[in-house]
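Peer 1: Numbering (the numbering used here), first residue to last: 13 to 397. For each residue, glycine too, the CB sits at the ideal point set by N, CA and C.
#1: CA-CA distance, residue 260 and residue 289?
#2: From residue 131 to residue 342, what does the alpha carbon distance come to, in whole angstroms?
#3: Given residue 252, which residues of its chain have a CB within under 7 Å of its CB, disregarding the five upstream and five downstream residues?
#4: What residue from 123, 336 and 106 has the CA that sits closest to residue 115's CA?
#5: Do you know how far the Cα of residue 280 is from the Cα of residue 306?
#6: Can you name, in chain order, every residue of its own chain whose Cβ lies under 6 Å from the Cβ of residue 201, other than the five neighbours on each side?
#7: Following the continuous alpha helix (DSSP H) through residue 263, name the residue where it begins and the one where it ends.
#8: Name the two residues that bound the continuous alpha helix (DSSP H) containing residue 54.
#9: Quick check on the DSSP output: the alpha helix (DSSP H) that includes residue 116 runs from which residue to which?
#10: Is it the case that the stretch 110-126 contacts the stretch 59-77, given that we only count it when at least three CB pairs across the two stretches are under 8 Å?
#11: For residue 157, which residues in the same chain have their Cβ closer than 6 Å to its Cβ, ignoring the five residues on either side in sequence?
#12: What is the rounded straight-line gap between the Cα of residue 203 and the Cα of residue 182?
#13: Could you say which of 388, 48 and 75 lies nearest to residue 240 if we only look at CA atoms?
#14: Where does the unbroken beta strand (DSSP E) through residue 380 begin, and where does it stop?
#15: Bridge partners of residue 204, per DSSP?
#16: Which partner residues does residue 396 have in the DSSP bridge list?
#17: Can you give the Cα-Cα distance for residue 394 and residue 236, rounded to whole angstroms?
#18: Since residue 131 sits in a beta bridge, which residues does DSSP pair it with?
#19: State the start and end residues of the unbroken beta strand (DSSP E) segment that holds residue 79.
#20: Residue 224 and residue 129 - do their beta-carbons sit closer together than 9 Å?
#21: Return helix, strand or coil for residue 151, following the three-state DSSP convention.
#22: Could you check if residue 103 is buried or exposed, using at least 16 other CB atoms within 10 Å of its CB as the buried criterion?
#23: Sorry if obvious, but does the Cβ on residue 394 come closer than 8 Å to a heavy atom of the ligand COA?
#24: Taking its Cβ as the centre, do 16 or more other Cβ atoms sit within 10 Å of residue 397, making it buried, or is it exposed?
#25: Let's see if you can read the secondary structure: which residues bound the beta strand (DSSP E) around residue 361?
#26: Any idea which residues DSSP pairs residue 391 with across the strands?
#27: Which term fits residue 319, buried or exposed, when burial requires 16 or more other beta carbons within 10 angstroms of its beta carbon?
#28: For residue 255, does the three-state DSSP call read helix, strand or coil?
#29: Take residue 273 and list the residues in its own chain whose beta-carbon comes closer than 8 Å to its own, dropping the five residues that flank it on each side.
#30: Excluding five sequence neighbours on each side, which residues of the same chain lie with their C-beta closer than 7 Å to the C-beta of residue 151?
#31: Report all residues from its chain with a CB closer than 6 Å to the CB of residue 392; omit the five preceding and five following residues, and keep chain order.
#32: State the DSSP-derived secondary structure class of residue 337, mapped to helix, strand or coil.
#33: Determine whether the beta carbon atoms of residue 355 and residue 249 lie at a separation below 9 Å.
#34: Compute the beta-carbon to beta-carbon distance between residue 185 and residue 142, rounded to the nearest angstrom, for a pair I have assumed lies under 8 Å.
#35: Quick one: Cα of residue 83 to Cα of residue 313, how far?
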């Protein structure tokens, strides 16, 4: 008999929507300055916003920018004129995107929001180096991007960095260097195939181990998240067996090499760059389940489908079937974790060097399993309300 699977998804907070008949009817009588402050406080939610660089031979730049991951405009832009004015001041950076209305750009707050720059494919650093400084020209305060995330389609391979930089005009390199020196944080993004949560022998070169690694967060098509200084769940068992297809340290080293080659440095008195590895699995990148997570119901469907696939496929793929509690747990431990370890819709943030040394020749084995218990991550969870 198949075990029941409790889909108790973790969220930072669950707040019920206020009933319509409990609305604050006296809000218009509140002083204007206080109302504006209230609108601004409502906007102060941290988001990760994805844009993609897409090749375009018909463009002067050779590329255009698209908003990705179901970007949604803030509802406060549509409440009333006063709320919209407060929102437009808050979202000082307005990024024109080819797939959005030219009159309604992507609205972005440099201090709070994280801009995740993706790319259709790796085709050199030229577009990335050109785009990042250009974003400051779309900012009414001239700030640009302070919190950046990017992935291996932008940062790698770095073995050809000298050749890549030699192709770029000096003014573009200088502008990029100045912009990059103002960054407060950089997250190198590692979004794994969601099948890596259901680890089979394919994720270990030395022996065959089976383990359902449910602690790894699942990345959704959502924007607003809450950042926690530590993951409060019992994740030690799963941290012992973190599988990644590529070596995350290669991206960290790539950025550091870029800093060195361009002379990117911090101003006196400026805090050091917060450099971290963002790790999660992507529900849309799966051989079994390609539907995005957009709310609690779709998240529950994902984990139920994943559990079924783990029991029926992974545990039976060997000559001797593996019990559904895997090789690392006994049945009692497995049943205990089913109650105490809920799934997280979000992502982990690891220290920059948590994944260990990256060989200088770049010939590191793929599909490695690492023990990260000495590097406990932060947990960021998305708002699924």
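Peer 2: If we stick to the structure as given:
#1: 7 Å
#2: 43 Å
#3: 383 and 385
#4: It is 106.
#5: 43 Å
#6: These residues qualify, in order along the chain: 161, 163 and 290.
#7: 261-274
#8: Segment 44-55, the alpha helix (DSSP H) holding residue 54.
#9: Taken as a continuous stretch (DSSP letters only), residue 116 belongs to no alpha helix (DSSP H), as it is neither H nor E.
#10: A contact exists between the stretch 59-77 and the stretch 110-126.
#11: 127 and 147
#12: 33 Å
#13: 388
#14: 380-382
#15: 293
#16: None, per the DSSP bridge assignment.
#17: 6 Å
#18: 65
#19: 75-79
#20: The Cβ atoms of residue 129 and residue 224 do not sit closer than 9 Å to each other.
#21: strand
#22: buried
#23: With respect to the ligand COA, the structure shown offers nothing to examine, as it has no ligands at all.
#24: exposed
#25: 358-363
#26: 240 and 360
#27: buried
#28: Residue state, collapsed to three classes: strand.
#29: 173, 174 and 177
#30: 104, 105 and 122
#31: Excluding five sequence positions before and after residue 392, the CB atoms of its chain that fall closer than 6 Å to its own CB belong to 237, 239, 358 and 359, given in chain order.
#32: coil
#33: no
#34: That belief does not hold up - the Cβ atoms of residue 185 and residue 142 are roughly 10 Å apart, past 8 Å.
#35: 22 Å
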